[in-house]
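Right, one structure below, let's go through it.
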Amino acid sequence: MSSPYVRRRRLSDELARLLEEHGYSADQLASATGLSKQRISRISRCQVRPSLDEILRILDHFDADHERRRTITDVARDAQERGWWERQAAQMGLRQALYADLEWGAATICEYQLTFVPGLLQTELFSRARIAADKAIYRVAFDAERAVAARQTRQRLLQQPGGPVYEVVMDELAIRRLAAPVRVVAAQLDHLVDLGHHHDRVRIRVLPTDAQIDGHAVPRSAFSIYRYPDPGDPVVVAVDTATSDLVLTRFDDVEPYLALYARLHAAALSPADSLDFLAALAGDLPHEEHHTEGANYAHQI
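Residues in the sequence shown are numbered from 1 upward in steps of one, following the UniProt record's numbering.
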């Protein structure tokens, strides 16, 4: 199954193409198919899961050929799916649920992180520390234990056979910043080194603060790039902001992030040098008693 969210975006694009090809407005399509104007609008805006019957009514009206009908109905079926994250979205955090959706079925994930270690690579204790630090921003229904468990589920799916290739460029500041108790950070750095050495599909690169980035490009926020096996699916960029995540699929919006990531990737240390860098930094930090500190954070949340 591909990401239901991405397939809904794809379905919205397919509908827009049909309207443009036939010179129809959304209102005209609503009148022709018997669907409400509001329903057509919400399908176009990727706000609902359209039923297969609704999609077939649209395809029938436009007399879509066999190949196009098959492609669009396949996309529509995927768009209707509900992933494991939806049953616990409020408890695990709506933003984390969105990322779980985007990760589902991805072929490659490329991430730039400038604040702290990305969720897909966090240890349980580091995750608990971050959740404790940020708990004021979560909604009432949020459950810290569910959030930690969901993050671990995402990590297992990443590392299982057939999972995506995951590459992250981490700013040196994100690594040096004590975003958790120092011993938890030390254990987290050890974990990154272990992942980099033992998981072929996980590639970690460090972007030094003195790196020479082409064009003196300065990233303004963390972002992730998702590519999917179906060439018809869009390349997706998710931009991490302070209060929400901006999901981009239009080429004109996505292309600047692809170019920026290429520059950051080129300026970063090689995977081997990055692991040496992380190991050296970890060696400078105390490692004892990190289990106790993690337990204290678990108690707080």
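Where is the CB? At the ideal position from N, CA and C, for every residue including glycine.
Counted as a single uninterrupted DSSP element, the stretch harbouring Ala222 is not any beta strand (DSSP E), since DSSP gives it neither H nor E. Thr108 carries a strand assignment under DSSP once its states are collapsed to helix, strand and coil. Within the model, the alpha-carbon separation for Leu246 versus Pro118 is close to 17 Å. Counted as a single uninterrupted DSSP element, the beta strand (DSSP E) harbouring Asp245 occupies residues 245-248. Here Glu20 is exposed: its Cβ has fewer than 16 other Cβ atoms, across all protein chains shown, within 10 Å. Contact between the segment 6-22 and the segment 36-51 is present, with at least three C-beta pairs closer than 8 Å.
With fewer than 16 other Cβ atoms inside 10 Å of its own Cβ, Val218 counts as exposed.
Closest by C-alpha distance to Asp101, out of Gln212, Ser274, Met1, is Met1.
Taking all protein chains shown into account, Gln38 has fewer than 16 neighbouring C-beta atoms within 10 Å of its C-beta and is therefore exposed. By the neighbour-count criterion, in which a residue is buried when 16 or more other Cβ atoms sit within 10 angstroms of its Cβ, Gln160 is exposed.
Taking C-alpha positions only, Thr115 is separated from Asp65 by approximately 49 Å. Here the alpha carbons of Ala222 and Asp53 stand approximately 40 Å from one another. Taking 7 Å as the cut-off, the Cβ atoms of Val206 and Glu172 count as close. Its Cα nearest to that of Asp273, the residue Arg203 stands out among Leu125, Arg203, Gln188. As the crow flies, the alpha-carbon of Asp276 is around 27 Å from that of Tyr226. Fully enclosed alpha helix (DSSP H) runs of no fewer than 4 residues occupy 182-198 of the segment 173-242, in order along the chain.
Nearest to Pro4 by alpha-carbon distance, out of Glu255, Tyr228, Ser270, is Tyr228. Its chain contains Arg95 as the residues whose beta carbon lies nearer than 8 Å to that of Ser244, once the 5 sequence neighbours on both sides are disregarded; these appear in chain order.
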